[in-house]
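Novice:
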Amino acid sequence: MTDDRSSLSALAGQRVEYGSRGGAAAGTDPFALFTQWFREAQDEIGEANAMLLATAAADGPDARIVLLKGFAPAGFTFFTNYGSAKGRQIAADPRVALVFPWHGMHRQVRVQGIAERTSAAESDAYFAQRPRGAQIGARASRQSQPVASREAMQEAYDRVAAEFADTAVPRPAEWGGYRVAVHRIEFWQGQANRFHDRFAYTAVQGPAALDEAGDWTLTRLDP
Ligand SMILES: Cc1cc2nc3c(=O)[nH]c(=O)nc-3n(C[C@H](O)[C@H](O)[C@H](O)COP(=O)(O)O)c2cc1C
């Protein structure tokens with residue numbers, strides 16, 4: 002207990018001063034701002050494309066990290082198993098949130114939007130460029146289902162590897178992409194004295210292309 006308490010008080014006293022990057026500038030086009038921040042994050046931190054994906058589950062909100070595999074004015078794309086917990090949750094309620102936790106750069110981007118499956122052709126194209134081992138793993142895993150042991154997982158992997166020993170590994174039907182069409186995106190830049198910059202873009206009429214200036218209302222928020 003004593004140890005817990007002293008480490009907790011040390012935690013309470015830990016402070017990173019923000020503001021060294023200066024103020025954030027927001028234009029009318031959230032896609033341009035995201036593109037600039039994403040490029041800077043790729044230069045400065047590892048796996049800048051790792052983002053939190055929050056879903057609405059029947060028993061409350063759920064969240065996990067997934068990798069951003071593409072972004073365009075139409076939205077943000079990631080790939081997963083449609084039968085996973087997140088896949089089932091999205092099927093029941095496609096409203097999701099994304100968070101890019103670039104706190105090493107004193108930055109955060111938050112997104113609210115609607116997840117839609119990518120086309121089969123798009124999922125095929127991405128699956129085909131994955132390393133063969135990851136393709137086998139995707140076929141061998143019933144993501145988020147209970148599995149008896151590591152050995153049972155390995156047997157499933159070996160079975161798939163043997164089945165497609167001489168051919169390309171086809172994309173399983175239950176594996177594919179989602180694109181999150183955005184209706185709100187917020188950029189947060191840490192500043193001195195915890196007096197941060199926050200810029201929220203809200204789509205005027207439902208999710209819109211991120212580069213359509215007139216479709217977005219820009220609001221500065223108190224920190
Ligand atoms: C850095 C990192 C990247 C990940 N990328 C993905 C991904 O792109 N797709 C995916 O399905 N799971 C990814 N995962 C695993 C998920 O966090 C999660 O464990 C898995 O998708 C099952 O989630 P679910 O049971 O909520 O569906 C990643 C985990 C980490 C830590």
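Residues 2 to 224, numbered by my numbering, are exactly what the sequence shown covers, in order.
A virtual CB, placed ideally from N, CA and C, is assigned to each residue, including glycine.
Keep in mind that this is a model prediction, so the values were computed, not measured.
Output needed for P74: all residues of its chain with C-beta closer than 8 angstroms, excluding positions within five of it in sequence on either side, in chain order.
Specialist: For the purposes of this step, residue 74 is identified with residue 73 of the sequence shown, where counting begins at 1. If we look at P74 and ignore the five residues flanking it on each side, its Cβ neighbours are F32, A210, L211, D212, E213.
Novice: For the segment 51 to 106, list the beta strand (DSSP E) runs that are entirely contained and at least 3 residues long, ordered along the chain.
Specialist: 51 to 58, 61 to 68, 71 to 73, 76 to 82, 96 to 101
Novice: Can you tell me which of the three DSSP states T36 falls into?
Specialist: Along the sequence shown, read from residue 1 onward, the residue named residue 36 stands at position 35. Helix.
Novice: Can you find a heavy atom of ligand 1 that lies under 7 angstroms from the Cβ of L68?
Specialist: What you label residue 68 is simply residue 67 of the sequence shown in a count that begins at 1. At least one heavy atom of ligand 1 is nearer than 7 angstroms to the Cβ of L68, so yes.
Novice: Taking one C-beta from the segment 161 to 172 and one from the segment 191 to 207 each time, how about it: are there three or more such pairs within less than 8 angstroms?
Specialist: no
Novice: Determine, using beta carbons only, whether A55 and V110 come nearer to each other than 8 angstroms.
Specialist: Taking the first residue of the sequence shown as position 1, residue 55 is located at position 54. Taking the first residue of the sequence shown as position 1, residue 110 is located at position 109. Not closer than 8 angstroms, so no.
Novice: Could you compute how far the alpha carbon of I115 sits from the alpha carbon of R6?
Specialist: Reading the sequence shown from its first residue, position 114 is the one you call residue 115. Reading the sequence shown from its first residue, position 5 is the one you call residue 6. If you take the alpha carbons of I115 and R6, they lie about 42 angstroms apart.
Novice: In the DSSP assignment, find the unbroken alpha helix (DSSP H) run with Y19 in it and report its ends.
Specialist: Counting from one through the sequence shown, the residue named residue 19 turns up at place 18. First-last for Y19: undefined, no H or E at that position.
Novice: What residue does the beta strand (DSSP E) around Q109 start on, and which one ends it?
Specialist: Looking up residue 109 in the sequence shown gives position 108. That run of the beta strand (DSSP E) goes 108 to 118.
Novice: Using a Cβ-Cβ cutoff of less than 6 angstroms, which residues in the same chain neighbour Q136 once the five nearest sequence positions on both sides are dropped?
Specialist: On the sequence shown, residue 136 is found 135 positions in, with the first residue counted as 1. Taken in chain order, the residues that qualify are V170.
Novice: By DSSP's criteria, T218 is part of a beta bridge. Which residues make up the other side?
Specialist: Along the sequence shown, one-based indexing puts residue 218 at 217. Beta-bridge pairing links T218 to T203.
Novice: Could you pull the DSSP bridge partners for F188 from this structure?
Specialist: Position 187 of the sequence shown, counted from the start, is the residue given in the question as residue 188. DSSP, once it has assigned bridges, lists V110, F200 as partnering F188.
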